[in-house]
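Colleague: Numbering (the working numbering), first residue to last: 152 to 301.
My questions will all concern the structure given below.
Okay, structure coming up:
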């Protein structure tokens, strides 16, 4: 009986620990404040509620342990709904909704991953669905080439 309880406890702990492994998503203004205090690049996942490929990214790519670890250690991660006109925030003295910011970043397809350097001036995009390995490869190439160095 003790062995059964012990195994059950181990499975519970393992499941709990696994459930804690996720990308630490922030609101855009939280990521901006964080990078001003501790410079890091910002990764913005621009999505829509109707986008099937966006949902596939959430289900397959953003649950991959290597992707989670790399994003959490290298970026401030943001989820931004390209059709949300309700929630607004200030950025560089101007008020934006998420939809307006997606437009200002010139996002025209979904999913789209906008990478902003720590100076909040330079951006690049990685449009389209990507499986974990190609997504990591694209992100690491940007970092390795020096994009985002302050």
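Every residue, glycine too, gets a C-beta built ideally from N, C-alpha and C.
Let me know the secondary structure DSSP gives residue 196 once reduced to three states.
Modeller: Along the chain shown, read from residue 1 onward, the residue named residue 196 stands at position 45. If DSSP states are grouped into helix, strand and coil, residue 196 belongs with the strands.
Colleague: So residue 200 packs on residue 232, CB below 8 Å; how close in whole Å?
Modeller: As a position in the chain shown, residue 200 is number 49, starting the count at 1. As a position in the chain shown, residue 232 is number 81, starting the count at 1. That pair is a contact at about 7 Å.
Colleague: Count the other CB atoms within 10 Å of the CB of residue 288; is the residue buried (16 or more) or exposed (fewer)?
Modeller: On the chain shown, position 137 is the one that residue 288 refers to. By the neighbour-count rule (16 or more Cβ atoms within 10 Å), residue 288 is not buried but exposed.
Colleague: So residue 252 is in the alpha helix (DSSP H); what residue range does that whole segment cover?
Modeller: Counted from its first residue, the chain shown places residue 252 at position 101. Taken as a continuous stretch (DSSP letters only), the alpha helix (DSSP H) holding residue 252 covers 249-255.
Colleague: Could you check where the beta strand (DSSP E) with residue 303 kicks off and where it finishes?
Modeller: Any question about residue 303 goes unanswered here, given that the chain covers just 152 to 301.
Colleague: Contact between the segment 224-240 and the segment 172-186 is defined here as three or more beta-carbon pairs at a separation below 8 Å; is this criterion met?
Modeller: Touching, yes.
Colleague: So who's on the other strand from residue 230, going by DSSP bridges?
Modeller: The sequence position of residue 230 within the chain shown is 79, counting from 1. For residue 230, which the question treats as bridged, DSSP gives the partners 196.
Colleague: How would you label residue 155, buried or exposed, when you count the other beta carbons within 10 angstroms and need 16 or more for buried?
Modeller: Indexing the chain shown from 1 puts residue 155 at position 4. Legend: pLDDT at residue 155 = 43, less than 50; position of this residue unreliable, value from coordinates given subsequently. It is exposed - the Cβ of residue 155 has fewer than 16 other Cβ atoms within 10 Å.
Colleague: From 202, 223 and 215, pick the residue whose C-alpha is nearest to that of residue 192; which is it?
Modeller: Locating residue 192 in the chain shown gives position 41, where the first residue counts as 1. Comparing Cα-Cα distances from residue 192 to each of 202, 223 and 215, the minimum goes to 223.
Colleague: Using 8 Å as the cut-off, can you tell me whether the segment 212-222 makes contact with the segment 277-292, which would need three or more C-beta pairs spanning the two stretches below that distance?
Modeller: They touch, by the three-pair rule.
Colleague: For residue 262 versus residue 198, is the C-beta distance shorter than 8 Å?
Modeller: Mapped onto the chain shown, residue 262 falls at position 111. Mapped onto the chain shown, residue 198 falls at position 47. Contact flag set, yes.
Colleague: Counting C-beta neighbours from all protein chains within 10 Å, is the total for residue 158 16 or more, i.e. buried, or is it exposed?
Modeller: As a first step, residue 158 is located in the chain shown; it is residue number 7 there, counting from the start. Below a pLDDT of 50, predicted positions are generally treated as unreliable, and residue 158, at 49, falls in that range; the measurement from the model is reported next regardless. Its Cβ having fewer than 16 others within 10 Å, residue 158 is exposed.
Colleague: For residue 186, which of 277, 267, 285 and 275 has the nearest alpha-carbon?
Modeller: Position 35 of the chain shown holds residue 186. When each option's Cα is compared against that of residue 186, the closest is 267.
Colleague: With H, G and I counted as helix, E and B as strand and the rest as coil, what does DSSP make of residue 180?
Modeller: Position 29 of the chain shown, counted from the start, is the residue given in the question as residue 180. DSSP places residue 180 in helix when its eight states are reduced to three.
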